[in-house]
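What the sequence shown shows, in the working numbering, is residues 126 to 603, in sequence order. Report on the structure given below.
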Amino acid sequence: MIELMKEKDLEQVTEIENGSFSKPWSRMYFLNEIANNDLSELYVDVIDGEVVAYADLWYMFENCDLTKIAVKEKYRHKGYGYKMLKHLTAVAKRKGCEFMHLEVNVNNKEAYDLYDRFGFEIVRTRKRYYENGDDAYDMIKGLIDGKEARKVLAIESSCDETACAIMDEDLNVLSSVVTSQIDVHARFGGVIPEVASRMHVEQISTIVDSAIKEAGISVDDVDAIAYTIGPGLIGSLHVGAIAAKSLAFFYEKPLIGVHHLKGHIFINELIKPLQYPMMALVVSGGHTELVYIENDQSFRIIGTTLDDAVGEAYDKVARVMHEAYPGGPVIDRLAKDGQAHYQLPTPKVEGYDFSFSGLKNAVLQLVKKEEAAGNEIDKNDLAYAFQEVALNSLIRKTKLALKEYPCKTLVLAGGVAANSRLRELASNEFRDIDLILPPLKYCTDNALMIACAALHELKAGRFVSFDASSQPSMSIED
Ligand code: KG4
Ligand code: ZN
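Here it is as structure tokens:
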């Protein structure tokens, strides 16, 4: 995520700086820039605590000067320079700058190509600008080209979160508001569909209104209204659909119907540029799928669960252990202090498919047996045993699938992607591929994910009509 550089980033920044420039800026210099220079702003792109890129932007009246941009060596040629430029131009535009200026060594073809692709133009050549006698190009990009980044307003209501977000096509988040019904459903030990729909009806207007206010724009300023068209609980989906259709109708905007799981997948774009072909391991309360994605419009399910979804298994196992809903975070926490003690069966399924009901039933039987015998269950150990079997089956199948379908990127998506042990296993196992683990706040349902997926539909011109019906069991291949 790109944010303002802070003192904590400086150790990593200076290391990249020393490896990238013949006359590197010192740590002191960076520190001084951060603390004392009101005219400049330093930005860093940090992924999982690692600084991958940074840049320095100076403001001079209606102009700004890009005095530095660097990408850590192993992350070069992966779109991070472009991502940073997108961010900086959006920031500069918002501050009222009309032009962005930079100098580049004429022999630095890689940097020149990046700026050229981004729309910078050469305005003059500075002879022998560098100490070694190299020339420099002065390059400029106009920031007011009349073409504003398009914006979408997105609504999510497929299960037990009511959410609305506004985002532009440069991936700037203008607002994101989520309210969860978990506390209410926890009382019943699971999501009660009728209660969920009723609560969406109560929440939706306030949530949409807050998202619009937070973004500081009017619905007139957005270019499309998006909503989750499926899969999900039908009553819940209807509430989002009606809200989106009302806005689209009143403000005369095109309507985009988003597949919920595409949202879980595309939100990873806020972390890193996605490279295709890509594999997604989608693990949520309703789905467990391995999806092969050749490009942003081509999705193929190559493995799926034959019975329960993995999140559902977590929730049911927690319930058997008399723990609260949702069970995923509880089991995750309990397993941390557990040990290998209980034996549970490994699911045996051919190919890339999954099965979790045998495992779930084995836990159920074990608990019944122990309770009947008057023995106390060690919850930590049971959570550990269940989790190791369930997660290792996810990892094993993903590994197998990547052998037959080599990919550049692997993304984890959905609520169970928040699981700490799954993240650990995946980080250890998938070292030779660009692995993206969404930050925890992006794992569970939100509307930013729907906006991310909607931008792909907007670019492809894929809209839905006002008579589109919600599809509770829609496939990602549709
Ligand atoms: O994606 P999501 O928010 O909703 C659906 O689209 O289904 O996923 C919810 C699921 C629940 O089953 C919940 O127990 C599970 O994600 N979950 C977790 C964790 N956090 C949430 N499962 C395992 N470990 C977690 N830390
Ligand atoms: Zn979800």
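Note that the Cβ used here is the ideal one computed from N, Cα and C, for glycine as well.
The alpha-carbon separation between residue 403 and residue 138 amounts to approximately 30 Å. Counting only residues of its own chain and dropping the five nearest sequence neighbours on each side, residue 569 has a CB closer than 6 Å to the CB of 540. Only residues of its own chain outside the window of five on either side were considered, and among them 283, 284, 385 and 597 have a CB closer than 7 Å to the CB of residue 357, listed in chain order.
Going by DSSP, residue 457 is part of the alpha helix (DSSP H) stretching over 452-460. Comparing alpha carbon positions, the residue from 261, 280 and 293 closest to residue 273 is 293. Look at residue 324 here: in three-state DSSP terms it is helix.
In this structure, the C-beta of residue 570 approaches the ligand ZN to less than 6 Å from one of its heavy atoms. By the neighbour-count criterion, in which a residue is buried when 16 or more other Cβ atoms sit within 10 angstroms of its Cβ, residue 477 is buried.
Residue state for residue 297 is assigned as coil, using DSSP reduced to three classes. Proximity of the beta carbon of residue 480 to the ligand ZN is not indicated: no heavy atom of the ligand is located closer than 6 Å.
Taking every protein chain shown into account, the CB of residue 343 has fewer than 16 other CB atoms within 10 angstroms, so this residue is exposed.
Annotation: the segment 531-586 contains the following complete segments of the alpha helix (DSSP H) (minimum length 4 residues), in chain order: 545-554, 565-568 and 573-585. Cβ contact annotation for residue 444 (same chain, cutoff 8 Å, sequence separation greater than five): 314, 315, 450 and 452, in chain order.
For residue 249, the uninterrupted beta strand (DSSP E) run begins and ends at 246-251, by DSSP.
Set against 6 Å, the gap from the CB of residue 356 to the closest heavy atom of the ligand KG4 is not smaller. With a threshold of 6 Å, the Cβ atom of residue 423 does not count as near the ligand ZN, since no heavy atom of the ligand is closer than that. Taking a C-beta distance under 7 Å as the contact criterion, residue 376 and residue 365 do not qualify as a contact pair. Spanning the alpha carbons of residue 264 and residue 184 requires a straight line of approximately 16 Å. Counting only runs of 4 or more residues that sit fully inside the segment 439-525, the alpha helix (DSSP H) segments are 452-460 and 482-497, in chain order.
Note that the C-beta distance between residue 506 and residue 466 is below 7 Å.
Relative to the Cα of residue 533, the nearest Cα in the group 417, 178 and 205 belongs to 417. Taking a cut-off of 8 Å for Cβ pairs, the segment 196-207 and the segment 151-163 do not touch, as fewer than three such pairs fall below it.
In this structure, DSSP gives residue 203 a state outside helix and strand, which the three-state scheme calls coil.
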